[in-house]
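For reference, the structure discussed in these notes is given below.
Numbering (my numbering), first residue to last: 8 to 267.
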């Protein structure tokens, strides 16, 4: 992968990881446009690491507050919140350890597959747009359902932020709290997935090309940081319907014009 391809991949990863349009789906489109180019093992770790760092940068005060509360080793508000985040990781961990080979088989730059799941993302976003504004606090049951939504989003074209936030809105949770929770709940799965890649990688599987990696990391981090902040404002203003329109138009275009 050269520096220009790394720039495009980093830009797409950082921007679409937080916006409800599916980062994996858009990366599949980029691979298709570039003729099936593949991400290397190390490249995948670098761009996802940049994504996590952007979340930590945006929410560092909240993460610090939660960490201090948990370290008291009592069932306080911070520990309760952290445990709900842990609950959300259960479904994605099950999928990761049992179905990942099947899921990875869908990542073949097939625009019909990607387009179909983008339409499903549009459906999630459309339904959540018409639900009544909620005032409920996030429960353990709701955290589990959001975790299931996150697990479904391993499919190319199904937006992680779109499905988790839409699920929370349909459950009647407060917008202001929901977006933060949705972003924080992705930190552990991404770090866990990268750790598994490191452990299971074969010796010599990492080919280090420093400059493209630096370009990808910086691009993914900067775009991810601003996309994260932007997404918080979008959810609070209730503007998700426009992303539903975008996903629907893009999905139909991929199926009818570039699908197999």
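Glycine included, C-beta positions come from ideal geometry on N, C-alpha and C. As the structure is a computational prediction, the values presented were derived from the model and not from experiment.
Minimum Cα-Cα distance from residue 88 among the listed residues 13, 146, 243 corresponds to 146. The Cβ atoms of residue 232 and residue 53 lie no closer than 9 angstroms to each other.
With fewer than 16 neighbouring CB atoms inside 10 Å of its own CB, residue 246 falls in the exposed class. Of the other Cβ atoms in all chains shown, 16 or more fall within 10 Å of the Cβ of residue 33; this residue is therefore buried.
Scanning 190, 151, 193 for the CA closest to the CA of residue 178 turns up 151. When only Cα atoms are considered, residue 240 and residue 92 end up about 22 angstroms apart.
Fully contained in the region 64-96 are the following alpha helix (DSSP H) runs of length 4 or more, in chain order: 67-77. Note on geometry: alpha-carbon atoms of residue 77 and residue 94 lie some 15 angstroms from one another. From the listed residues 263, 149, 140, 124, the smallest Cα separation to residue 161 is found for 124.
Residue environment: residue 206 is assigned as exposed (fewer than 16 neighbouring CB atoms within 10 Å of its CB, all protein chains considered). Around the Cβ of residue 55, a 10 Å sphere holds 16 or more other Cβ atoms; the residue is buried.
Judged by DSSP secondary structure, residue 249 falls within the alpha helix (DSSP H) whose first and last residues are 248-260. In the three-state DSSP reduction, residue 39 falls in the helix class (H, G or I). Beta-bridge pairing by DSSP links residue 143 to 180. Under the DSSP assignment, residue 114 falls outside any alpha helix (DSSP H); it carries neither an H nor an E label. Residue 14: member of the alpha helix (DSSP H) spanning 10-25, first to last residue.
Boundaries of the alpha helix (DSSP H) harbouring residue 242: 217-244, taken from the DSSP string. Annotation for residue 174: 152, 153, 156 place their beta carbon closer than 7 angstroms to its own, counting only its chain and skipping 5 residues before and after. In the same chain as residue 197, and ignoring 5 residues on each side of it, the C-beta atoms closer than 7 angstroms to its own belong to 55, 58, 59, in chain order.
Put simply, of 169, 202, 107, 90 the residue whose alpha carbon is nearest the alpha carbon of residue 148 is 90.
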